[in-house]
Structure formats: C-alpha cells, structure tokens
Amino acid sequence: MGGKEDLRIHRILAAALCGAAAASWLGEAIDAHAQTPPAAAVVKRGAVIGAAVHVSDLQRSLKFYRDALGMRVMAQFSPPGASDKSRPDTVLNFGNGPADTMLMLLSDRNTGGPRPIEHGFGFARVVLRLPDLQAANASLRANGFAAGEIKGAHGTVTLMMLTDPDGYTVEIIQG
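The opening residue of the sequence shown carries number 6 in our numbering; numbering runs sequentially from there.
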C-alpha cells in the first residue's frame, strides 16, 4: 500500500479515534503541515502505548475485556508498598506482541472496598478493533453482557458502541 490508500486508512483511524471532530474532515483534502503540532520537530518517534481506567471489580472487568472480547492478560502487579495485593493492576492487549497497544485496568485499593467509578468530562471512551463484530456480540451475550448495535459510520467504518461493567463507553471498530 502507499500514497492515497495510506492517507485513506489514516483518515479512517483518525475519525474513529477522534470521533465527530475528525469526521468533519473525512474525505476532504488535508494540509499535512496544518495537522502537525509544533512539538513534532522535537519528538522524532513517539507512540501512544495505551490507556488506563479505574475499575471497581477487577474480576468482572476481566470477564468483559478478556473473556468476552478476547484480550489477553500481559501482566498483573501491585504498586510498591500496596498493602492489598489481592487487587492488582492488570495490563491487557490482544497478544500481538509488546508493541501492541495496551489497556490497563487499575484496581481500587480503598480500604473500605471498591467504590463506584465516577466518570468525569475528560475521558470519552475506549476504542478497540476486532475482526468480527457479530462474533463479538455473541461472545458478549454468552458472557452475560449487553451487546451493542452494529452500524456503519462515515460510509467506510462498521462499529458498535457499548458500555463496560464500570460504565465506560467502549467503541469497537470492525477491521
């Protein structure tokens, strides 16, 4: 691939990650210099390696992300000095190697037990890519979770939106 095909793929991914704001320019010419942040000259090679979300019940979240959606546990650990080792932080990915983007589930170590997660305005959603949304929906249902509605977006993307056990919005793109 190259040229126009690479640009089309980058536009689709940007639209999926940035939502409606990115979708407004999908299909239009993009001035590459206008999209480049000033720090790009300083940071030669960077990457987003993942996101971390607080969870109220690690086992329930593992059932959702690992059992229903097929993510793999890459590591579990407790921060140094943590008194409760029974609620480790857990790193998940799809098992495509160490460069794969990760999702970290942060356990609540509150001495009174896990608290409900309070969602602020700053975090919008977790975005995942799976090859078969129909199979994902069937797996979600089989594991006791509500399935999402599969729909097209922007004429080029098939996706579904759903909510994880702690109320985080999860967008799954077929690809």
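Built from N, CA and C at the ideal position, the CB exists for glycine as well. Computed from a predicted structure; not experimentally measured.
query = Using 8 Å as the Cβ pair cut-off and three pairs as the minimum, do the stretch 135-146 and the stretch 49-62 touch?
reply = no
query = By the 10 Å Cβ neighbour count, where 16 or more other Cβ atoms means buried, how is Arg120 classified, buried or exposed?
reply = Translated into positions along the sequence shown, residue 120 becomes position 115. Classification of Arg120: exposed, given that the 10 Å Cβ count is below 16.
task = Take the Cβ of Thr95 as the centre, count every other Cβ of all protein chains shown within 10 Å, and call the residue buried at 16 or more, exposed below.
result = Start at 1 with the first residue of the sequence shown, and residue 95 comes out as number 90. Buried, since its Cβ has 16 or more Cβ neighbours within 10 Å.
ask   = Would Leu133 pass as a contact of Ala152 if the rule is Cβ separation under 8 Å?
value = As a position in the sequence shown, residue 133 is number 128, starting the count at 1. As a position in the sequence shown, residue 152 is number 147, starting the count at 1. In this structure, Ala152 does not lie closer than 8 Å to Leu133 by Cβ.
ask   = Among Glu176, Val162, Met109 and Phe128, which residue has its Cα nearest to the Cα of Ala141?
value = Within the sequence shown, the letter at position 136 stands for residue 141. Measuring from the Cα of Ala141, the nearest candidate turns out to be Glu176.
inquiry  = Going by C-alpha to C-alpha distance, which of Ile155, Gly180 and Ala104 sits closest to Gly51?
reply    = Taking the sequence shown and counting its residues from 1, one reaches residue 51 at position 46. Cα-wise, what sits closest to Gly51 is Ala104.
message = Quick check on the DSSP output: the beta strand (DSSP E) that includes Arg134 runs from which residue to which?
response = On the sequence shown, residue 134 is found 129 positions in, with the first residue counted as 1. From DSSP, the beta strand (DSSP E) with Arg134 extends over Val131 to Leu135.
request  = Could you tell me the distance, in whole angstroms, from the CA atom of Arg65 to the CA atom of Ala158?
outcome  = For the purposes of this step, residue 65 is taken as the residue at position 60 of the sequence shown. For the purposes of this step, residue 158 is taken as the residue at position 153 of the sequence shown. Each residue's Cα considered, the two are about 30 Å apart.
message = With a threshold of 8 Å between beta-carbons, can Arg65 be considered close to chain B, or not?
response = Here chain B cannot be found, since the structure has a single protein chain.
task = From the DSSP output, read off the bridge partner residues of Ser94.
result = As a first step, residue 94 is located in the sequence shown; it is residue number 89 there, counting from the start. A quick correction: the sequence has Asp, not Ser, at residue 94. Note: Asp94 sits in a beta bridge opposite Phe82.
query = Excluding the five sequence neighbours on either side, which residues of its own chain have a C-beta within less than 8 Å of the C-beta of Arg146, listed in chain order?
reply = Counting from one through the sequence shown, the residue named residue 146 turns up at place 141. Answer for Arg146: Ala152, listed in chain order.
inquiry  = Distance check for Thr161 and Ile35, CA to CA, integer angstroms please.
reply    = Taking the first residue of the sequence shown as 1, we reach residue 35 at position 30. Taking the first residue of the sequence shown as 1, we reach residue 161 at position 156. Because the pLDDT at Ile35 is just 38, under 50, the model does not fix this residue reliably, and the point stays unresolved.
query = Taking the alpha carbon of Leu111 as the point to measure from, which residue in Asn148, Ser83, Ser144 and Ile54 has its own alpha carbon closest?
reply = Position 106 of the sequence shown, counted from the first residue, corresponds to residue 111. Out of Asn148, Ser83, Ser144 and Ile54, Ser83 has the C-alpha closest to the C-alpha of Leu111.
task = With Ala56 as the anchor, note down where its alpha helix (DSSP H) starts and where it stops.
result = The residue labelled residue 56 in the question sits at position 51 within the sequence shown. It is not in any alpha helix (DSSP H) - Ala56 instead sits in the beta strand (DSSP E) that spans Gly55 to Val60.
ask   = Could you give the distance in angstroms between the alpha-carbon of Ile155 and the alpha-carbon of Lys90?
value = Within the sequence shown, the letter at position 150 stands for residue 155. Within the sequence shown, the letter at position 85 stands for residue 90. If you take the alpha carbons of Ile155 and Lys90, they lie about 39 Å apart.
query = Using a Cβ-Cβ cut-off of 6 Å (strictly less than) and excluding sequence neighbours within five positions of Gly100, which residues of its own chain qualify?
reply = Here residue 100 is taken as the residue at index 95 of the sequence shown, counted from 1. Within the same chain, Gly100 has close Cβ partners Arg77.
inquiry  = In whole angstroms, give me the CA-to-CA distance for Asp63 and Met165.
reply    = Walking along the sequence shown from the start, residue 63 turns up at place 58. Walking along the sequence shown from the start, residue 165 turns up at place 160. The amino acid occupying residue 63 in the given sequence is Leu; Asp does not appear at that position. Their Cα atoms are separated by approximately 24 Å.
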